[in-house]
Amino acid sequence: MAERMLQFTHVERKMPDKREAKARADDFAEIYAEFSKEAAGAQAARCSQCGVPFCQQGCPLSNNIPDWLKLAAENRLEEAWQVSSATNNMPEICGRICPQDRLCEGICTIQQSGHGTVTIGSIEKYITDTAWEEGWVTPIKPPRERSQSAGIIGAGPGGLAAAEQLRRKGYRVTVYDAYDRGGGLLVYGIPGFKLEKHVVERRIKRLEESGITFKFNTRIGEQVSLSTLRAEHDTVLIATGVYAAKDLKCPGSGAQGVYPALEYLTASNRKGFGDAVPAYDDGALNAEGKRVVVIGGGDTAMDCVRTAIRQGAKQVTCLYRRDRANMPGSQREVQNAEEEGVVFEWLASPEAILDTKAGKVKAVRANRMKLGEPDASGRQSPVKTGESFDVKADMVIKALGFDPEDLPELFGEEALTVNRWGAVRVDYATMETSLPGVYAAGDIVRGASLVVWAIKDGRDAAEAMHKAMRAAARSETVAAE
70 MAERMLQFTH
80 VERKMPDKRE
90 AKARADDFAE
100 IYAEFSKEAA
110 GAQAARCSQC
120 GVPFCQQGCP
130 LSNNIPDWLK
140 LAAENRLEEA
150 WQVSSATNNM
160 PEICGRICPQ
170 DRLCEGICTI
180 QQSGHGTVTI
190 GSIEKYITDT
200 AWEEGWVTPI
210 KPPRERSQSA
220 GIIGAGPGGL
230 AAAEQLRRKG
240 YRVTVYDAYD
250 RGGGLLVYGI
260 PGFKLEKHVV
270 ERRIKRLEES
280 GITFKFNTRI
290 GEQVSLSTLR
300 AEHDTVLIAT
310 GVYAAKDLKC
320 PGSGAQGVYP
330 ALEYLTASNR
340 KGFGDAVPAY
350 DDGALNAEGK
360 RVVVIGGGDT
370 AMDCVRTAIR
380 QGAKQVTCLY
390 RRDRANMPGS
400 QREVQNAEEE
410 GVVFEWLASP
420 EAILDTKAGK
430 VKAVRANRMK
440 LGEPDASGRQ
450 SPVKTGESFD
460 VKADMVIKAL
470 GFDPEDLPEL
480 FGEEALTVNR
490 WGAVRVDYAT
500 METSLPGVYA
510 AGDIVRGASL
520 VVWAIKDGRD
530 AAEAMHKAMR
540 AAARSETVAA
550 E
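Heads up: the sequence shown runs through residues 70 to 550, numbered per the working numbering.
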């Protein structure tokens, strides 16, 4: 007998009312706002100053965490900030958005001993916010000015970190970005309740005051060619990030009311800036009063579900094809979302988007999954069980990750080599691409990843660019003699 598909009706759970949801959503900002000198000192004093600083090993930037925790515990905040900022170009941003539970805090010795982690991220944020308030953060003043220049494509975290490092060494730096503001995903991809936009804007302003030139609304390959940049600058860095949204591979994915995550988040963030956003104002990209289904299990998916809550959605459901333990996003973010009223459907993969006769989305049909053998990533692969269920939806958001754009095509540079996923190939010892004098850093090299990794890549690339330009300058001097 033919195997019969079992249909399960999704049970709608009661969402918190708007006042309750807003109160829960505001908790995050309130906790950070009330983090005082006393709280920072008390938390920092919990650091055991262990002989093997696991927290430092867990940080991609190898931040000297035990050192600045000790200084913070002793109320030597300016010194703590100096140590913190020596290895990180934007510690207050990392303090807000890094998944510390997967990095430094997750392997804290105190945490491993069962006494709860030292809240490293909160202290990092507090130290640097205090530095801004006290006027310790000032424009960069290089010890000497150099004649050479660097062009940086992309004003995201990788590009900004590289720009700062190069400016510190006295190079003339110009940053080109397709957006109308600097920050990349820091301003348009990450919600304001996680990262207040003035925090990014003051970083941009400081770089401008340091002598770095920003050229916004500039698309390389359209308004300006890469060959032109290479002719104008002694070195070029590609730090564009990855923005091409991965699509749903199921029937109905083109229905009205189905949107890529970045389009949804950008509209919300632009609205927060006070920009005109017609697609938000007409209700298309506004979740208010809607049943929202977000498909995906990463940090971007968590940003979407928590944004929808704040917009006053009637119900928010997150579908993820694996279980909670195998979710790539931060477990802390999942907990925050659950407390705010988000419903998680684990082991659920979209089978089809159901729409009305008018072509508007009305539900998501999902396959119930089970975990099978591990895949190449080491996680167990999801396998269909033969069961399915429907989740009613007025809006569906695709948060399945991002792929690189076709840069050789976009830049008109066939000699720029990429790997099979479209990421730019580099010599990891120097971060140089197949084009001499052209480097790459961040997500465009490693694929969609964390802000802290982009900062590290930007710093590493800047150091390699500096060495190459210094060597070139010395060669010119010798030749002139």
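All C-beta atoms in this analysis are idealised placements derived from N, C-alpha and C, irrespective of residue type, glycine included.
Since we're looking at a predicted model, the values are computed, not measured.
Taking the C-beta atoms as reference points, Glu161 is found no nearer than 8 Å to Lys139. Nearest in C-alpha terms to Ile166, of all of Tyr248, Ile189, Gly183 and Thr178, is Ile189. Around the beta carbon of Asp198, 16 or more other beta carbons sit within 10 angstroms, so the residue counts as buried. Distances from the CA of Ile289 to each of Thr546, Leu476, Ala530 and Lys536 were compared; the closest alpha carbon is that of Leu476. Look at Arg171 here: in three-state DSSP terms it is helix. About 29 Å separates the beta carbons of Val361 and Ala523, which is beyond the 8 Å limit, so they are not a contact pair. Lys461 carries a strand assignment under DSSP once its states are collapsed to helix, strand and coil. For Pro226, the three-state secondary structure derived from DSSP is helix.
Between the region 225–243 and the region 272–285, the count of C-beta pairs closer than 8 Å reaches three or more; the two stretches touch. With a cutoff of 8 Å on beta-carbon distance, Ala313 and Glu474 are scored as near each other. Ser182 and Gly175 have their C-alpha atoms roughly 12 Å apart. Residue Gly326 holds the alpha-carbon nearest to the alpha-carbon of Ile422 among Ser153, Lys263, Gly326 and Pro135. Sixteen is the threshold: since fewer than 16 other Cβ atoms of the shown chains lie within 10 Å of the Cβ of Ser216, the residue is exposed. DSSP lists no beta-bridge partner residue for Thr156. In the three-state scheme derived from DSSP, where H, G and I count as helix and E and B as strand, Lys431 is classed as strand. Linking Val430 to Gln384 through their CA atoms gives a straight-line distance of about 15 Å. In the displayed model, Ala313 falls within a strand according to three-state DSSP. The three-state secondary structure of Cys387, taken from DSSP, is strand. Secondary-structure assignment with DSSP links Ser218 through a beta bridge to Arg241. In this model, Ile192 and Gln380 are separated by some 30 Å (Cα to Cα). Membership of Ile513 in the alpha helix (DSSP H) is indicated by the continuous run Asp512 to Arg515. Around the Cβ of Pro226, a 10 Å sphere holds 16 or more other Cβ atoms; the residue is buried. For Arg360, the enclosing beta strand (DSSP E) covers residues Arg360 to Ile364. With fewer than three CB-CB distances shorter than 8 Å, the region 448–460 does not count as touching the region 301–311.
Around the beta carbon of Arg339, a 10 Å sphere encloses 16 or more other beta carbons of the protein chains shown; the residue is thus reported as buried. Each residue's CA atom was taken as its position, placing Lys439 and Asn488 some 32 Å apart. Remark: three or more beta-carbon pairs, one from each stretch, lie closer than 8 Å, so the region 520–534 and the region 493–500 are flagged as touching. For Tyr248, the secondary structure class from DSSP, reduced to helix, strand or coil, is coil. In the assembly as shown, Ser399 is a buried residue. Its beta-carbon has 16 or more other beta-carbons within 10 Å.
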